[in-house]
Amino acid sequence: MAQSYPDVDIGGVYIDLIAQAGLVAIANQRVTVQAKGSQAVIVYVGGAAAPTGRQGIVLNPGQSLTGTSDHIWALGPGTVAVLVED
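Per our numbering, residue 34 is the first one in the sequence shown, and the count goes up by one each step.
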């Protein structure tokens with residue numbers, strides 16, 4: 034069963050979506066991030082520290098990315114939904 038978390042509003046700096054959702058030790062679980070709203074977001078999977086510059090994959094509204102990592106970073110502005118599969 035998958036667990037969803039409240040939508041996360043993202044500003045102009047990278048935030049760790051995993052930490053924002055209060056998750057720990059999820060390296061072996063699939064996490065899906067979906068861009069919501071009307072603006073694209075940049076998503077970067079991996080790394081204990083925020084990436085520099087504008088590294089990552091651009092998700093346009095409605096697009097999603099699934100991966101496994103202890104850290105998934107997002108850069109806005111925009112809103113994302115986070116879903117974790119058990």
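Where a beta carbon is used, it is the ideal one built from N, C-alpha and C, also for glycine.
- Might you give, ordered along the chain, the residues of its own chain that have their beta carbon closer than 7 Å to the beta carbon of Val117, omitting 5 neighbours on each side? Ala35, Gln36, Leu56, Ile59, Gln62, Val64
- Query: Near Tyr47, which residues of its chain fall below 6 Å by C-beta distance, leaving aside the five closest residues on each side in sequence?
  - Reply: Ala83, Trp106, Leu108
- Message: Distance check for Tyr77 and His104, CA to CA, integer angstroms please.
- Response: 9 Å
- Query: Which value, in whole angstroms, describes the spacing of the CA atoms of Asp40 and Ala52?
  - Reply: 14 Å
- Extent of the continuous beta strand (DSSP E) run through Gln36: 35-43
- Message: Checking 8 Å against the spacing of the C-beta atoms, do Pro161 and Gly79 come in under that value?
- Response: The displayed coordinates of the chain run from 34 to 119. Any statement about residue 161 would go beyond what the structure contains.
- Item | Continuous beta strand (DSSP E) assignments of at least 3 residues falling wholly in the segment 57-89 | 64-69, 74-78
- Query: Is the Cβ-Cβ distance between Ser102 and Val66 less than 8 Å?
  - Reply: no
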